[in-house]
Structure formats: C-alpha cells, structure tokens
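Chains A and B, in that order, give the protein sequences. So for the first sequence, our numbering puts the first residue at 131; every next one is plus one. So for the second sequence, our numbering puts the first residue at 1385; every next one is plus one. Here a beta-carbon is modelled for each residue, glycine too, at the ideal position from N, C-alpha and C.
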Amino acid sequence: MTDIPVLGFIIQFAQFLLDQLPVIAHSSVSVAIPIALAGLCGVVSERSGVVNIGLEGMMLTAAFAGWASGAAALAILGPSQGTAIFNITLPLLVGLVAALLSGVLLALLHAWVSITVRADQIVSGVIINIAALGVTGYLNTLISGSSPQGAGGFKPLVISADVANIPLVGWLINAIFNQGPIAISAIVLIVVVQILLFRTKWGLRTRAVGEHPRAAETVGINVVRLRYRNVIMSGAIAALAGAYLSMESTTSFQANMSAGRGFIGLAAMIVGRWTPVGAFGAALLFASSTAIGRAISFAAPENSAGDFLKSIPAQFYDALPYLVTIIILAGVIGRSIPPAADGQPYEREAAA
Amino acid sequence: MTDKPAAAPEPQPAAPNKQAGRASLLGITRSVAGQAWSVLAMPLLAIVLALIVGAVVIVLSSALAPGAKFDLALPLRAYQALLDGSLGSADGRVTTLVEAAPLIFAGLGVGLGFKAGLFNIGAQGQFLVGAVAAVAGALVVQGDGPLIAIPFALICGAIAGALWGFIPGFLKAFSGAHEVVTTIMLNYVALALISWLITGPLRNPRAPQPITPNVGDAILPVLIGRDGHIGIILAFVAVPIIWFLLYRMTVGFEIRAVGANPDASRYAGMKPRRLVMLTMSIAGGLAGLAGTINILGISHAMPASYSTSVGFDAITVALLGRSHPVGITLAALLFGMLRAGAGLMQVNAGVPAELVDLLEAIILLFLVASPVLRRLFRLRGVKSSLGTTETMSRTYGSEAIR
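Structure follows, in structure tokens:
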C-alpha cells in the first residue's frame, strides 16, 4: 500500500464516491431518518434538562404498537385501496396514531418519574428500554403465533428518472424526496424545531430551563409544565422514528428491531451539539459511514484505493459512529457540552 | 466478626446475633428483622406485584391465540411450570445456578459502579469482550493442560473486561465524558470488535459458520449435573470478596464516599479520579468474568452470532439487589430461576419464554415507582428502592472530575 501516493489515493477514493453518490446519498438519508429523529427527540428533551435514555425503548414500543394496531385495524376494517401518493390507508393511519400514542404514554411515564417523583432520569430511561424490550418481545411472540396480516407500509414518493438524472442536483432531489411521508416530514420537522428552538419564545424558555431552571422560574416560567411538555413531545418524536421502522422502511415488526438506533441518535445529538440540524448532520454522517461501507463491499473500485478500502474490515464502518462519538465526548476534537441542568431534577423552592 | 450488623451503614439481612450477651434476644431479633424488612420490603413488593400483573397479562393474552377464551387458571399453571423447571428437579436447580452465576458476576460489577455513583450500562460490552478474550487466551495456551489453561483464560477474560471498563472510567475521570453514554457506545464497539475477530483472526477455519475454535483445555470442569461448572463456585466466592472490599477495606469506603459526595471525598483527601477508574476497571473485570465462565463453562466456543442478555439483566439484578452483594446474589438467583424455568413454562403452559423479560420489566417499573408504592401501601420506614442511585445523573451535565 505504500507505493501509492496519498494524493492518488484521495483522487481514486473521491472518484469512487462520485460514481456511487446517487446510491450512497439515497440510502444514507433512509438510514439517517430514524437516527435523526431519535437525535431530535433527545434535543427536545435534554434542552429542557431531562435526559432521555429511554428513547430506544420508546422507538421500539412505537414500532410494535404501530405495526400491531395496523394489523388489528386491517383485520377489523378490511383491506382498502391506498392513496396514489404514499400509499396511505386507514389501517396504516390507525397504526401511526397508535404508535404516537404509545410513545407519548411512555414519555409521560418518564416525565412523571423524572420530574414529579424526581427519581434518577437515567435509571428511568434504562428501565424503559429494558421494559420495552420485554413487553414487545413477549407480545410479538404471542401475536406472531397466529401470523397476522400486517397493514403494509407507506410508500416513497416516486421521482421520475428524468428528475433524478438532472446533472448536479438530481441525486440530491432523489435522495431527499424519493422517501415516504414519515421521512419527508421528519426532515421538515428537524428544520422547524431548529427554528423554534432558537427563534421563538418556547425555544428561549426551553433553553433557559435546561441551563438554569431556578433563574427561569424566578422570571415566571413554569419549569415543571415546560419540562412535561417537552418530554411528551420528545416521546412523540421517538414514536415517529419507531413508526418509520415498522411502517415505512419495512412492513413488519421484528423483536428488538430498533437495534440501537436510539442510542446512535443519542450520539448524533451529542456530536450535533444538542441542535436539531446538527443532530441531523451527524446522523447523515453516521449513516453514510454505513452506506459507504456497504458500497465498498458491493462495488469496490478495481484499483489500489479499492484494494485498500476492501482491506478495512466491514465492522470498522459499523463501529465508526460510536468511536466518533466517544472521541468527540472526550473533547479530543471539538468538545460538546450538554445543557448545564441536564439530568438534574428540579425542586421548587418552598414558598416563604 | 464482633461488629453488630446494626453498626454497618447498609444493614445486612442477617440472622440474630449470637453474641448479643445480656441484651434481650427478642429485642435484637426484632430490630434486625425490622431493618431487614426496611431493606427487603420494596424489592419483595415489586416482585409480588410483578407476578400479579404478569398473571393478568397471561390471562388477557391467553385470548389472543386463535379461537381461545380467557383462561383464568393459566397463570397458575405457568408459574407452577416456572417453579418446576427451576427448582423442581436436580437438573433444574443446577440450571438455575448456571444461569445465576454470570448474573452474580455482572451484577456485582454494576452494583459496585452504583456504589461509586457510576452507572455502568457497559456490562454487556465488557461481558462480550471478556468472553472473546478468554477464548483467545485459551487458544494461546492450548496443549498446556487445564491447570494452566483455565486460570490463564480466566485472567485474560477478566483483564479484557477490566480494560473495557477502564476506558469509560478514564474518559470520565479526565474529560468528564459521561459513563452512561460512553459505555453504551462501547457496547456497540464491542459488538463490532467480536464480529470482526470471530469472522476474521479467531475463526475456526473448519467450521461452516463463523465460530471460534473450541477452548479445549480451558473448559471448566463440571461439578454437578449436566453443566454445573466450577464457575458457579467462583461467582459465589466473588460475593464475599466484593462485600469485604466495599465494607471492610479503605478503598471500599472511599468508593462509597465518592459515590455519596465526590466533592466532600476530595476535600477529605481522597482521589475521585483514581477511584472512578479503579471502580470501572473492577466492574468491567467482573462483567468480563461473567462472559468468561459462560464461554468456558457452557458453550466452549464463541459463535459470531453469540447473543446474551446478561449485561442488561445485570442492571436489573443490581437495582433489585440494592447494589449490596447479598442482595445482588439473591436477585441473581431469582433471575436464574426465571431463566431456568422459562423453557418448561413455554412447553407445559404454552406461555412464551419472553414472559421472563416481561416480569423483569414490570419489576423494574415498580422499583422506579417505589415512592408511590410506599405511599400507597403505607410502608413507613421502608427504604425507597433506588436510594443508592439518586445522585447518578446529577453529574450528567458537569465538567470533568477534579
């Protein structure tokens, strides 16, 4: 490997990436969506000072609730013709609503434990994760015994080949819009929350409560209510990520199908410095690491750069997001600092 | 040991003290019983309530099967089968111990972390890294006979686990990176690492699936039953050692002091940074041993698809056992029972073995809600179950330890 100059290697690698760009970009966005939503969920919750480790469990529960309710609704309502765009059917909508509800319920539990009971937020989150794994695993085994018909899934918007082949921007349009309704609304949601968080009263209050709840309370902000609201919102966002898994990117539920995406989302939030767009960027970065790894194993270029890339074990690309997160958390490159009151239960001062 | 249990900061559920002398035996019995009650009430209540909720879930879900009706007797049959499978036969009892042993090791590790105010979610990764290192160690000394191979493999597993625990400890101590996040990340790095090792350098070339070669000489001797290996004894030996470390050694006192109040312990001249690294390393080593005995004692080779829930069950065990070595042992035995009996329950009562995960989940939920349970059941003087973990996430947003 020593005989190829570094510049040559970079050129060959860039050439490979350019060739594979349409494939890598599209699959990166698809893989990044649940991670970015999980990161967004973490941002909304932690900016107000409540750590939400339980988002993995919320995702998993929502994925199950969405799929199971969709299947139940299909059995009761009977099959119906989906809309031309996105293949929206009534059972799927029922499933989506059930998924959101389950996420909100779990978030309510987390909010109650960490805000009202003032128990340890990380313990509560870990318990939600273990509980979600147990409950969904049990119910899934039970239900899949009768192998019910699922409600299917939302379909991606069809982008015509003409649009996708527009030079320079075609691949980008294809990557972003050749997606299902949840994915597209996730991207919109990320931008909207970014603006809300840094440009509105709610955002200012959220950040104030996350940094210094006592000061926020003295200027008349209801810390408890705001934290409840934010945690419940974060639960709904995590649920959207779960629904994406079982109703859009696939059409059925598998035990433990969230497979750590909630935790990578947490990592994306940290790498993105607790901002929605930053978390999305980090999620894209993580997802493209996976996508590039996959592209290399399928279609490595026939040159020295390709040989080198193939010599890196595929598992390295899997581990990369986690390693990057650890390095950034450790402050080796660009330290990322959480909100000051993150994880601390808030106790109102007794009235004099 | 002349210390009365009453003097210890964490009362043990001990038998009446024989050296009570002239003091009324009844009075001491009552006070010890009272203390035991204050510690045991909440975990026991959580278990009982979980069994009740579990029964309700079994009844409700019995109607989910096609053409079935609500079966009110099903929970009884399920729990009966669970008991029969775990305690009803000699084989079952051995399986209970085999299942409990790694939980004791890993639970002790997580509990030790709790005592130091550290939430070690990384037991899973430490378990896996320890397991694969034990295999690697066993392969190195292949042919040297069990007397060398077994201790060497055990040490390899413990050291690898300790290293995997040291990393988050070091990061916590010197950069303030919170151990919850770093241990979660390291769990996934460990997964990638063992997948690479077992599909690559450690792969048995003659096996169709990616799996390591057999550990050969390092196989733990079986003492009782079909697979009652010597690792069970090692786990039970670790319990008094960790208890001694925590409650009879200076370093244990310092670990508990750092957990209770890092600032105060620093002003008292202790070194929180060193203690955090030490605690995480010991915790990792214990979890690594859990993985080691599972590989050397049960599976004898490690497939790339090796899956386990020990690392996460260990968190439950430590929480349920209130981070005390004795409590952890009891909780580990309970979960060993549940895991051992689950198979028979599935066969005899037709209830999915995942019911055990469900029960685990419900127990945990009740533990979290313990302040509410205390009010609901009017349990005065009973300790809240998560007492030792209250300060855990308060350091989440803070800077590095000074």
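According to DSSP, residues forming a beta bridge with residue i
i        : result
H1613(B) : V1606(B)
P1687(B) : I1595(B)
Cβ distance (whole Å) where residue i is taken to contact residue j below 8 Å
i        : j        : result
L1671(B) : I1582(B) : One detail in the question is off: residue 1671(B) reads as Ala in this sequence, not Leu. In fact, because the Cβ distance is near 19 Å, the residues do not count as touching under 8 Å.
L1531(B) : I1616(B) : 20 Å between Cβ atoms; not a contact.
V1599(B) : A1702(B) : That belief does not hold up - the Cβ atoms of V1599(B) and A1702(B) are roughly 28 Å apart, past 8 Å.
S232(A)  : T191(A)  : 5 Å
G255(A)  : G372(A)  : G255(A) to G372(A), Cβ: 16 Å. No contact.
G280(A)  : E1744(B) : The Cβ separation is near 28 Å, so there is no contact.
A369(A)  : V174(A)  : Between V174(A) and A369(A) the Cβ distance is about 13 Å, and since that is not below 8 Å, they are no contact.
V1564(B) : V253(A)  : 10 Å between Cβ atoms; not a contact.
L1429(B) : L1757(B) : 6 Å
V1525(B) : A1518(B) : Not quite, the Cβ-Cβ distance comes to about 11 Å (not below 8 Å), so this is no contact.
I1505(B) : I1568(B) : 5 Å
E176(A)  : W404(A)  : 6 Å
L556(A)  : A203(A)  : Given a span of 131 to 482 for chain A in the structure shown, any question on residue 556(A) remains unanswerable.
Under 7 Å from the C-beta of residue i: neighbouring residues of chain A
i        : result
F1511(B) : Near F1511(B) there are no residues of chain A at all, since even the closest Cβ is about 16 Å away, more than 7 Å.
T1663(B) : By Cβ distance, chain A contributes nothing, its closest Cβ being about 17 Å from T1663(B), past 7 Å.
D1647(B) : The contacting residues do not exist; D1647(B) stays about 15 Å from chain A at best.
A1641(B) : Those do not exist, as A1641(B) stays about 19 Å from chain A at its closest Cβ, beyond 7 Å.
Contact set between residue i and chain B, taken where Cβ atoms lie within less than 7 Å
i       : result
T443(A) : In the sequence as presented, Thr is not what sits at residue 443(A); that position holds Pro. Within 7 Å Cβ-Cβ: W1580, G1584.
A261(A) : A1745, L1748, L1749
T271(A) : P1736, E1738
G233(A) : None at all; the shortest Cβ gap to chain B is about 17 Å.
A397(A) : M1569
G169(A) : Neighbours of G169(A) on chain B: none; closest Cβ ~13 Å, over 7 Å.
D292(A) : Result: empty, since nearest Cβ-Cβ is about 41 Å, beyond 7 Å.
D437(A) : Ordered by position in chain B, no residue passes the 7 Å Cβ test against D437(A), which lies about 17 Å from the chain.
I400(A) : V1565
A166(A) : Neighbours of A166(A) on chain B: none; closest Cβ ~18 Å, over 7 Å.
Under 9 Å from the C-beta of residue i: neighbouring residues of chain B
i       : result
I456(A) : I1551, P1552, L1555, A1561, V1565, T1566, M1569, L1570, V1573
L459(A) : L1555, S1559, G1560, A1561, H1562, V1565, T1566, M1569
A417(A) : None at all; the shortest Cβ gap to chain B is about 15 Å.
A346(A) : The contacting residues do not exist; A346(A) stays about 15 Å from chain B at best.
A144(A) : Simply none; closest approach about 26 Å.
A162(A) : Those do not exist, as A162(A) stays about 17 Å from chain B at its closest Cβ, beyond 9 Å.
Under 8 Å from the C-beta of residue i: neighbouring residues of chain A
i        : result
T1413(B) : Within chain A, no residue comes near T1413(B); the closest Cβ sits about 33 Å away, beyond 8 Å.
V1432(B) : Within 8 Å Cβ-Cβ: nothing; V1432(B) doesn't reach chain A, min ~18 Å.
F1536(B) : Going along chain A, no residue has its Cβ under 8 Å from F1536(B), so there is no contact; the nearest lies around 27 Å.
V1752(B) : V243, V247, A249, V253, S254, I257
Contact set between residue i and chain A, taken where Cβ atoms lie within less than 9 Å
i        : result
P1755(B) : V247, R248, A249
L1742(B) : A261, G264, V265, G267, Y268, L269
A1685(B) : Neighbours of A1685(B) on chain A: none; closest Cβ ~20 Å, over 9 Å.
Amino acids of chain B, ordered along the chain, whose beta-carbon sits closer than 8 Å to that of residue i
i       : result
L453(A) : M1569, V1573
D149(A) : What D149(A) touches in chain B: nothing, since even the nearest Cβ is about 27 Å away.
M155(A) : Per the sequence shown, the amino acid found at residue 155(A) is Ala instead of Met. Near A155(A) there are no residues of chain B at all, since even the closest Cβ is about 24 Å away, more than 8 Å.
### Message
What are the residues in the region 1710-1737 of chain B lying within 7 Å of chain A by C-beta distance?
### Response
Per Cβ criterion, the list reads P1736.
### Query
Can you list the beta strand (DSSP E) stretches of 3 or more residues lying completely in the region 298-380 of chain A, in chain order?
none
### Message
For the region 380-395 of chain A, list every residue whose C-beta sits within 9 Å of some C-beta in chain B, in sequence order.
### Response
A385, G390, F393, I394
### Query
Can you list, in chain order, the residues of the region 241-262 of chain A whose Cβ is nearer than 7 Å to any Cβ on chain B?
V243, V247, A249, D250, Q251, I252, V253, S254, V256, I257, I260, A261
#### Entry: Members of the region 203-237 of chain A near chain B, C-beta cut-off 7 Å
none
### Segments assigned alpha helix (DSSP H), at least 4 residues, entirely inside the region 401-469 of chain A
For the region 401-469 of chain A, whole alpha helix (DSSP H) runs of length 4 or above, ordered along the chain, are 406-429, 434-441, 444-459.
### Message
Under 7 Å, CB to CB, which of the residues in the region 178-202 of chain A have a partner in chain B?
### Response
V181, I183
### Message
Output needed in chain order: residues of the region 1465-1486 of chain B with a Cβ under 7 Å from some Cβ in chain A.
### Response
Listed by position, the residues of the region 1465-1486 of chain B near chain A (Cβ gap below 7 Å) amount to none.
### Task
Could you please tell me which residues of the region 1694-1706 of chain B, in chain order, have their CB closer than 8 Å to any CB of chain A?
From the region 1694-1706 of chain B, only F1696, I1699, T1700, L1703 have a Cβ closer than 8 Å to chain A.
### Task
Give the residues from the region 1501-1529 of chain B that approach chain A closer than 8 Å (Cβ to any Cβ), ordered along the chain.
F1503, I1505
### Message
Quick check on the DSSP output: what are the complete beta strand (DSSP E) runs of length 3 or more inside the region 1706-1744 of chain B, in order along the chain?
### Response
DSSP runs (the beta strand (DSSP E)) wholly in the region 1706-1744 of chain B: none.
### Task
Only counting runs of 4 or more residues, tell me where the alpha helix (DSSP H) segments fall wholly within the region 1429-1497 of chain B, in order along the chain.
1458-1471
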